[in-house]
């Protein structure tokens with residue numbers, strides 16, 4: 525179980541490293557075709573990798589984070605599913621952004637973990 | 525699979541009915557002991573049913589909703605796990621509250637579905 529936790533946090537961190545340098549492809553490669561997605565700027569849930577790709581491509585190159593921290597990441601693993609949750613603190617210059625994040629990973633028949641659901645939301649200032 | 529979807533939505537709706545009349549016990553009875561929980565008013569993730577119980581008991585009797593709607597509920601089920609997501613619109617008098625909601629359910633060895641993770645966040649006004 526520790527092994528699953530390490531694997532999931534490694535996958536998430538690698539995708540975040542790319543994200544924080546303006547490259548959304550890490551998350552797109554990690555997401556399953558039927559991924560569902562919430563963030564606080566959307567009017568409704570996004571359904572599917574095509575919709576997520578359209579959203580992420582629209583902001584390619586625009587995200588930059590100087591420093592970030594996954595606070596107390598937790599993985600609740602059950603057979604072929606792992607629920608990763610963490611508080612996320614990102615710094616850009618003097619600005620601090622604070623988020624709640626849920627990622628539901630599923631182990632595919634190819635033995636790869638893929639994200640089937642993402643939920644980002646903002647924390648109190 | 526349709527059967528799981530119906531079961532999960534029924535469980536969630538029954539708990540919401542009680543919640544919207546000030547009774548948090550529906551969600552507390554439905555949550556697993558290791559439940560994790562995010563909402564937009566908390567400084568960090570809650571861990572475990574005891575912490576969730578303390579939060580919910582502090583607002584027992586205070587929630588009232590006249591009318592609510594689960595918009596486009598979706599269940600992504602894999603073996604013993606089901607991820608329920610929906611947009612949620614609640615009306616109280618002239619006020620409208622709009623939310624994103626993620627619930628991760630797990631089928632327990634007792635053959636009951638229990639919530640192992642909840643994430644509520646607010647949508648744009």
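Protein chains in written order, with my numbering: chain D, 525 to 649; chain C, 525 to 649.
Cβ coordinates follow ideal geometry from the N, Cα and C atoms, glycine included.
The structure displayed is predicted, hence computed values, not measured ones.
query: Could you round the C-beta distance between residue 600 of chain D and residue 640 of chain C to whole angstroms and report it? I think they count as a contact, below 8 Å.; result: 5 Å
query: Considering Cα atoms alone, identify which of D/590, D/631, D/647 is closest to residue 610 of chain D.; result: D/647
query: Tell me the DSSP secondary structure of residue 529 of chain D in three-state form.; result: helix
query: In angstroms, rounded to a whole number, what distance separates the CA positions of residue 582 of chain D and residue 607 of chain C?; result: 27 Å
query: Is the region 556 to 568 of chain D in contact with the region 588 to 602 of chain D, if contact means three or more CB pairs nearer than 8 Å?; result: no
query: Assuming contact is defined by CB atoms lying nearer than 7 Å, are residue 603 of chain C and residue 604 of chain D in contact in what I supplied?; result: yes
query: How close, in whole Å, do the beta carbons of residue 626 of chain C and residue 643 of chain D come, if the pair is a contact with beta carbons under 8 Å?; result: 5 Å
query: Should residue 628 of chain C be labelled buried (16 or more other beta-carbon atoms within 10 Å of its own) or exposed?; result: buried
query: Give a yes or no on whether 7 Å exceeds the smallest Cβ distance from residue 551 of chain D to chain C.; result: no
query: Using a Cβ-Cβ distance under 7 Å, would residue 609 of chain D count as near chain C?; result: yes
query: Could you spell out the range, first to last residue, of the alpha helix (DSSP H) harbouring residue 581 of chain D?; result: 573 to 581
query: With a threshold of 16 other CB atoms inside 10 Å of the CB of residue 551 of chain D, please say whether the residue is buried or exposed.; result: buried
query: Which of helix, strand or coil does DSSP assign to residue 622 of chain C?; result: strand
query: With DSSP collapsed to three states, give me the class of residue 551 of chain C.; result: helix
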